[in-house]
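Have a look at the structure below, then the notes.
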């Protein structure tokens, strides 16, 4: 059995873009139905009304977060 790679991209001042075979569960173990969705965007700003999904609210609230491996490792 081969492992599928899931790609997660940190968008500057925006969401986490997740691509690949995705299984998303809440804290109680209930799964979201992601049938037909090859990618999703997850909220990082906390302002989305569709959490855990991004609805673009980061633009409205002026969310700022530059994330890169270099910033974390230094």
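In our numbering, the protein residues as written are 5 to 78.
Even glycine gets a Cβ: it sits at the ideal position worked out from N, Cα and C.
Where the alpha helix (DSSP H) containing residue i begins and where it ends
{"i": "residue 65", "result": "61-65"}
Within 7 Å, strictly: CB atoms of residue i and residue j
{"i": "residue 24", "j": "residue 41", "result": "no"}
{"i": "residue 48", "j": "residue 19", "result": "yes"}
{"i": "residue 123", "j": "residue 51", "result": "Summary: the structure shown does not reach residue 123, with the chain confined to residues 5 through 78, and so no result is reported for it."}
Distance between residue j and residue i (C-alpha atoms, nearest Å)
{"i": "residue 17", "j": "residue 7", "result": "30 Å"}
{"i": "residue 39", "j": "residue 73", "result": "31 Å"}
{"i": "residue 46", "j": "residue 34", "result": "17 Å"}
{"i": "residue 44", "j": "residue 32", "result": "21 Å"}
Span of the beta strand (DSSP E) around residue i
{"i": "residue 45", "result": "43-46"}
According to DSSP, residues forming a beta bridge with residue i
{"i": "residue 21", "result": "13, 45"}
{"i": "residue 35", "result": "29"}
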